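By the numbering used here, the letter at position 208 of the sequence shown is numbered 460, and the numbering carries on one by one without gaps.
Virtual Cβ for every residue (Gly too), placed ideally from N, Cα, C.
These numbers were taken from a predicted model, which means no experiment stands behind them.
Structure, as structure tokens:
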Amino acid sequence: MLKVIIGGALWMAAAASAAAQNIGMPRPGQMGLQPPVTELARDQVAMDDLLLWITGLIVLFVTVLLGYVAWRFNAKSNPTPARFTHNSVIEVVWTAVPVMILVAIAFPSLNLLYKQLTIPEADVTIKATGNQWYWSYEYPDYEIDFDSVMVAGDYADWDAVMASDSGRAETEEFGVTRETWRLAADASMVVPVGAVIRVQAAASDVIHAWTVPSFGVKMDAIPGRLNEMWFQADEVGVYYGQCSVLCGVKHAYMPIQVKVVSREDFDAWVEQTRTAQGLPPQTVRLAQAAQ
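Pasting the structure below:
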């Protein structure tokens with residue numbers, strides 16, 4: 253019952269804040285990475301594009317060179333081959349050029365790694381705990397915690413979901429379609445747009461990984477260890493991810509669903525969720541803590 257209340261509150265809060273939602277999810281026939289909505293993800297896309305151009309030019313150069321050598325120095329065109337074993341100029345070039353390429357890759361790569369690992373002061377801290385096979389979320393600043401389980405996760409395919417009254421009712425309740433099934437969860441991590449979010453990843457059983465491609469974040473959730481990552485989403489919408497470490501028979505059935513909403517909607521969601529969990533309003537808790 254609590255999940256129903258939380259799920260409905262999440263959906264209403266996100267829908268009220270954006271008439272046209274951005275949906276961060278894989279698309280059929282998609283080429284390249286998902287559209288980025290954080291600075292980290294945009295930097296990763298830029299790095300990926302840089303590497304694609306560099307490797308593409310290298311492949312093109314090697315292909316043209318091989319073709320030229322095969323044409324120019326075959327037995328018919330060059331019946332008497334040269335017998336030298338060294339060429340100082342060529343040896344310097346084929347050593348120096350790769351070094352320069354690696355240096356050109358290293359600087360933006362190290363800058364990106366530094367940005368990923370340097371967590372700024374967080375506006376909201378959330379602990380994400382991986383379980384077989386669902387996620388649990390805790391908001392320590394708001395004393396909120398809940399589980400997030402795949403919607404209609406007991407069915408082999410979409411046709412089986414539609415053939416079941418309970419499966420069909422569950423997907424209708426949470427607004428799940430054929431495209432979002434196996435990506436959607438019955439409760440979302442909700443975060444305010446533009447806020448720095450620190451996610452602390454852990455696990456209760458085996459190793460999992462909390463991953464949302466549109467945010468450019470992926471962090472292992474390891475039992476007995478607390479790993480940290482951060483993101484700052486700048487577009488309201490719904491963004492999907494999945495566990496990215498093989499964690500058992502239902503590894504493919506533990507989706508991640510994040511709803512980015514306005515600050516007003518986030519505050520309203522906090523109050524609704526605290527009420528659903530039998531807690532006093534956040535304003536009352538803060539007043540009591542200040543006494």
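message: So, under 8 Å CB-CB, ILE357 and LEU303 are touching, yes? Tell me the CB distance rounded to an integer number of Å.
response: Here residue 357 refers to the residue found at position 105 of the sequence shown. Here residue 303 refers to the residue found at position 51 of the sequence shown. That pair is a contact at about 7 Å.
Where the beta strand (DSSP E) containing GLN494 begins and where it ends: Reading the sequence shown from its first residue, position 242 is the one you call residue 494. GLN494 -> beta strand (DSSP E) spans 489–494.
- request: Determine the DSSP secondary structure at ALA270, reduced to helix, strand or coil.
  value: Taking the first residue of the sequence shown as 1, we reach residue 270 at position 18. Confidence at ALA270 is low in this model, with a pLDDT of 37, below 50, so the placement of that residue is unreliable and no value is reported for it.
task: With a 10 Å radius around its C-beta and 16 neighbouring C-beta atoms as the bar for buried, classify GLY530 as buried or exposed.
output: Counting from one through the sequence shown, the residue named residue 530 turns up at place 278. Exposed, since its Cβ has fewer than 16 Cβ neighbours within 10 Å.
query: Under three-state DSSP, which class holds THR527?
result: Translated into positions along the sequence shown, residue 527 becomes position 275. DSSP places THR527 in helix when its eight states are reduced to three.
task: For THR463, count neighbouring C-beta atoms within 10 Å of its own C-beta (all shown protein chains included) and say buried if the count is 16 or more, exposed if not.
output: As a working note, residue 463 is residue 211 in the sequence shown. Buried.
query: Under the three-state reduction of DSSP, which class applies to MET253: helix, strand or coil?
result: In the sequence shown, counting from the first residue as 1, residue 253 sits at position 1. Caution applies to MET253, whose pLDDT of 43 falls short of 50 and renders its modelled position unreliable; the value that the coordinates give is listed next. DSSP places MET253 in coil when its eight states are reduced to three.
- prompt: Does the beta-carbon of PHE398 have 16 or more other beta-carbons within 10 angstroms, so that it is buried, or is it exposed?
  reply: For the purposes of this step, residue 398 is identified with residue 146 of the sequence shown, where counting begins at 1. Around the CB of PHE398, 16 or more other CB atoms lie within 10 Å, so the residue is classed as buried.
message: I'd like the ranges of any beta strand (DSSP E) spanning at least 3 consecutive residues and lying wholly in the segment 427–483.
response: The DSSP assignment places complete beta strand (DSSP E) segments of no fewer than 3 residues inside the segment 427–483 at 441–444, 449–455, 460–464, 469–473, 479–483, in order along the chain.
message: Using 9 Å as the threshold, is the C-beta distance between GLN484 and ILE449 below it?
response: Sequence index remark: in the sequence shown, residue 484 carries index 232 (1-based). Sequence index remark: in the sequence shown, residue 449 carries index 197 (1-based). In this structure, ILE449 lies closer than 9 Å to GLN484 by Cβ.
- prompt: Can you give the Cα-Cα distance for GLN452 and ALA528, rounded to whole angstroms?
  reply: Position 200 of the sequence shown, counted from the start, is the residue given in the question as residue 452. Position 276 of the sequence shown, counted from the start, is the residue given in the question as residue 528. When rounded, the distance between both Cα atoms is 24 Å.
task: Return the first residue and the last residue of the beta strand (DSSP E) that LYS328 is part of.
output: As a first step, residue 328 must be located in the sequence shown, where it is residue number 76. Looking at the DSSP string, LYS328 is not in any beta strand (DSSP E), and its letter there is neither H nor E.
- prompt: Would VAL344 be called buried (16 or more neighbouring beta carbons within 10 Å of its own) or exposed?
  reply: Translated into positions along the sequence shown, residue 344 becomes position 92. Exposed, since its Cβ has fewer than 16 Cβ neighbours within 10 Å.
query: Within this structure, are the beta carbons of PRO465 and GLY276 separated by less than 9 Å?
result: Locating residue 465 in the sequence shown gives position 213, where the first residue counts as 1. Locating residue 276 in the sequence shown gives position 24, where the first residue counts as 1. At a Cβ-Cβ threshold of 9 Å, PRO465 and GLY276 count as neighbours.
query: Name the DSSP beta bridge partners of MET402, please?
result: On the sequence shown, residue 402 is found 150 positions in, with the first residue counted as 1. Partner(s): ALA437.
message: Can you look up PRO507 in the DSSP assignment and give me helix, strand or coil?
response: To locate residue 507, count along the sequence shown from 1; it is residue 255. Residue state, collapsed to three classes: strand.
- prompt: Relative to the alpha-carbon of VAL522, which residue among VAL488, LYS367, VAL443, PRO475 has its alpha-carbon at the smallest distance?
  reply: Here the question's residue 522 lines up with position 270 in the sequence shown. Residue VAL443 is the option with its Cα nearest to VAL522.
query: Do ARG430 and ALA504 have their C-beta atoms closer together than 9 Å?
result: Position 178 of the sequence shown, counted from the start, is the residue given in the question as residue 430. Position 252 of the sequence shown, counted from the start, is the residue given in the question as residue 504. No.
message: In whole angstroms, give me the CA-to-CA distance for VAL321 and THR315.
response: Translated into positions along the sequence shown, residue 321 becomes position 69. Translated into positions along the sequence shown, residue 315 becomes position 63. Rounded to whole angstroms, VAL321 and THR315 show a C-alpha spacing of 10 Å.
query: What does a CB cutoff of less than 7 Å around PRO360 pick up in its chain, not counting 5 residues either side in sequence?
result: Working through the sequence shown from its first residue, we reach residue 360 at position 108. Residues of the same chain with a CB within less than 7 Å of the CB of PRO360, apart from the 5 flanking positions on each side, are MET299, LEU302 in chain order.
- prompt: What number of angstroms, rounded off, separates the C-alpha of GLY468 from the C-alpha of PHE313?
  reply: One-based indexing of the sequence shown puts residue 468 at position 216. One-based indexing of the sequence shown puts residue 313 at position 61. One Cα belongs to GLY468, the other to PHE313, and the distance between them is close to 32 Å.
- prompt: Which partner residues does ASP391 have in the DSSP bridge list?
  reply: Indexing the sequence shown from 1 puts residue 391 at position 139. Here residue 391 turns out to be Tyr, not Asp, going by the sequence shown. Note: TYR391 sits in a beta bridge opposite ILE396.
Burial state of PHE426 (16 or more Cβ within 10 Å): Residue numbering aside, residue 426 sits at position 174 when the sequence shown is read from its first letter. With 16 or more Cβ atoms within 10 Å of its Cβ, PHE426 is classed as buried.
message: For LYS367, report the span of its alpha helix (DSSP H) as first-last.
response: Along the sequence shown, read from residue 1 onward, the residue named residue 367 stands at position 115. Under the DSSP assignment, LYS367 falls in the alpha helix (DSSP H) whose first and last residues are 340–369.
Cβ neighbours of GLY319 in the same chain (closer than 6 Å, five flanking residues each side left out): Translated into the one-based positions of the sequence shown, residue 319 becomes position 67. Exclusion of the five residues before and after GLY319 leaves no residue of its chain whose Cβ lies closer than 6 Å to its Cβ.
C-alpha distance - MET402 paired with ASP438, whole-angstrom precision: What you label residue 402 is simply residue 150 of the sequence shown in a count that begins at 1. What you label residue 438 is simply residue 186 of the sequence shown in a count that begins at 1. Approximately 6 Å between the Cα atoms of the pair.
message: From the DSSP secondary-structure annotation, give me the bridge partner or partners of LYS502.
response: Walking along the sequence shown from the start, residue 502 turns up at place 250. DSSP links LYS502 through a beta bridge to no other residue.
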